[in-house]
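Every position in the sequence shown, counted from 1, becomes a number in the working numbering once 1 is added.
All residues carry an ideal CB built from backbone N, CA and C; glycine is no exception.
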Amino acid sequence: HPFDCCLFVGITHHSLYKMASPLLRLRNGQRWALLMRRPASVVVRNARFGSMSTVSGTASSSSSSTGIHQQFLNSSSSSPNSSTRQYSTTVARMDDYPPHIVFPMPALSPTMETGTISSWTLKEGDAFAAGDVLCAIETDKASMDFEAQDEGILAKILLDGPGATDIPVGTPICVVVEEAEDVAAFASFVGDAPAPEAAPAAANPAAAAPAASAATPVGRTVADDAVLLPSARHLSQSRGFDATGLAGTGKGGRVTKGDVLEALANGTPMPALSAATAAAPVAAAATPAAAAPVSLQDLVDLPLPTIDSAGAFEDVPNNNMRKIIARRLTESKAQVPHYYTSMEIELDNILALRKNLVTNHDVKVSVNDLIIRSSALALRDVPEVNATFDPATNQVSMHSSIDISVAVATPTGLITPIVPQTDRLGLSDISASVRDLAGRARDGKLQPHEYQGGTFCISNLGMFGIDEFSAVINPPQAAILAVGGGTATVVPTP
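So, in structure tokens, the structure goes:
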């Protein structure tokens, strides 16, 4: 059988062919592979695009291929005996649309949970080949290109613009077809929209029920302006209700605080407190009697005019990368024990070495390159620091390879590209590697393996005039080196 990635478990070739043949015909020439057999289901995987569906049925030789075919078409995630991944449910729409594939939001890094589509390279109806860039996606680390793995035609873009922000991994983002004449059929295709959330409960009983009648309750003998006890008035007005319509249990039919609490607990409808009603007591209190003299207290209580002292500003939304950085640094500070030690070193010999390399060998290295090289040699001598901690297994992993991460500021956020096997590199190699990684980091061209991992991190702010700062550990690493700037200091002669 022309299957890719097949695994046959406890099933005869005759039964396999009976179950697989009707499923293979569903995709109109696209290859489907029977991946494995379960006691009550058959998992089918598209070997070309990687989508997966589960078909309820048995694998005995007496199974009806027509029955499995019908179950495959009718399977949905709501069925108790079948499940479908979010981006493979288009198989159930074969009767409504031409053969197509729904591309999900890919996981471009092991830690990626959501992504933001910053731009689409192709338009609807454009054809593409393997390796072509479909769109640019902002991950938790950088902005990366989503490349096609096979040729096709982009029939429908499902997420773009403001709606393409913080998209969970696996959410459908576009539809791809193989024939150009099939593109028009997907003009109104909307994909698998999530079920609408239930409408939130009413914030207060006044919104959930019509206003209560303002008729005076039977048995009340007090005036309307005195029907609410002070505690009841304060409680009802703070909740935004007019409680004067409640039947009070106080003397003369007055409404007590307990009456208001009971009405709130029972969901008794009360009309909303109008703005005029709420402002009336304030206006009455703020208007002094004509014959009353003005006192100092009256002047103190006068309302002050509001002065807007804020200047012009612009709201800049946070990109996905900065959101992830903020969340992870907060988690690191809260969950990873931090302690700091600091010391000063003399730079005279380092500066002399740099001058000697430039003058005699035409080799230009920075102070940061020398720090990276020195740190790598120190980690080789103290391997306990060149380690990572896994909270899932509660184990410390000691690494034989020294891979130093160097913090680089980019327009979209902070990223830490890795210089692999740093202790085996010379100063020239370290300098060239850091320049290359930093340049591609600022352009958003780093590959995931170039910034994921690392066993130790260095953050240098000395070039910005910072003397000393407290860096935050980058989990799962065990330590980070914060480097400040150098200053000329008079050293007394001993």
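- For LEU428, the CB contacts under 8 Å within the same chain, skipping 5 residues up- and downstream, are LEU358, VAL364, VAL366, ASP370, LEU371, ARG374 in chain order.
- The alpha-carbon separation between ALA393 and VAL409 amounts to approximately 29 Å.
- Counting C-beta pairs with one atom in each stretch, the segment 132–147 and the segment 181–191 have fewer than three that are closer than 8 Å, which means they do not touch.
- Per DSSP, GLY116 is one residue of the beta strand (DSSP E) stretching across 115–121.
- The bridge partners DSSP lists for PHE190 come to none.
- Contact between the segment 121–135 and the segment 413–429 is absent: fewer than three C-beta pairs spanning the two stretches fall below 8 Å.
- Residue pairing by DSSP places GLY487 opposite no residue, since no beta bridge is assigned to it.
- Counting other Cβ atoms within 10 Å of its Cβ, LEU229 reaches 16 or more and is therefore classed as buried.
- Across the structure, LEU247 and SER239 are spaced so that their CA atoms are roughly 17 Å apart.
- In the three-state scheme derived from DSSP, where H, G and I count as helix and E and B as strand, PRO449 is classed as helix.
- Unbroken beta strand (DSSP E) stretches of 3 residues or longer found wholly inside the segment 141–171: 144–148, 153–158, given in chain order.
- Counting along the chain, GLY414 sits inside the beta strand (DSSP E) bounded by residues 414–416.
- Across the set PRO412, THR389, GLN422, the C-alpha of GLN422 shows the shortest separation from the C-alpha of SER402.
- When C-alpha distances from THR222 are compared across SER237, THR250, THR122, ALA233, the shortest belongs to THR250.
- Secondary-structure assignment with DSSP links ALA128 through a beta bridge to ILE154.
- Note on geometry: alpha-carbon atoms of TYR98 and MET106 lie some 22 Å from one another.
- Contact between GLY414 and ILE326 is confirmed by a C-beta separation of about 5 Å, below the 8 Å threshold.
- Selection ALA156, LEU482, LYS258 evaluated against SER232 yields LYS258 as nearest (Cα-Cα).
- Residue pairing by DSSP places SER460 opposite ALA483 in a beta bridge.
- In the three-state reduction of the DSSP assignment, GLU345 falls in the coil class.
- With fewer than 16 other beta carbons inside 10 angstroms of its own, TYR341 counts as exposed.
- ASP391 is bridged by DSSP to GLN396.
- Taking the CA atoms as reference points, ILE118 sits about 12 Å from THR172.
- Under the criterion of beta carbons closer than 8 Å, THR331 and THR389 do not qualify as touching, at roughly 20 Å.
- Nearest Cα to PHE147 within the set THR269, SER333, ASN395, THR122: THR122.
- By the neighbour-count criterion, in which a residue is buried when 16 or more other Cβ atoms sit within 10 angstroms of its Cβ, THR494 is exposed.
- DSSP places ALA137 in the uninterrupted beta strand (DSSP E) bounded by 134–139.
- Cβ contact annotation for ARG323 (same chain, cutoff 8 Å, sequence separation greater than five): THR413, GLY414, in chain order.
- ALA248 carries a coil assignment under DSSP once its states are collapsed to helix, strand and coil.
- Counting along the chain, the unbroken beta strand (DSSP E) around PRO173 starts and ends at 173–178.
- In the three-state scheme derived from DSSP, where H, G and I count as helix and E and B as strand, SER376 is classed as helix.
- Apart from sequence neighbours up to five positions away, the residues of its chain that approach SER144 with a beta-carbon distance below 8 Å are SER119, ALA137, ILE138, MET322, THR413, GLY445, ordered along the chain.
- Taking ALA480 as the centre and dropping the five residues before and after it, the same chain places the C-beta of VAL386 closer than 6 Å to its C-beta, in chain order.
- Checking the DSSP bridge columns, you'll see ILE325 has no partner listed.
- Following the DSSP letters along the chain, one finds PRO231 inside the alpha helix (DSSP H) bounded by residues 231–240.
- When the five nearest sequence neighbours on each side are left out, the beta carbons in the same chain lying within less than 6 Å of the beta carbon of SER406 are those of THR417, ILE419, GLY455, CYS458, in order along the chain.
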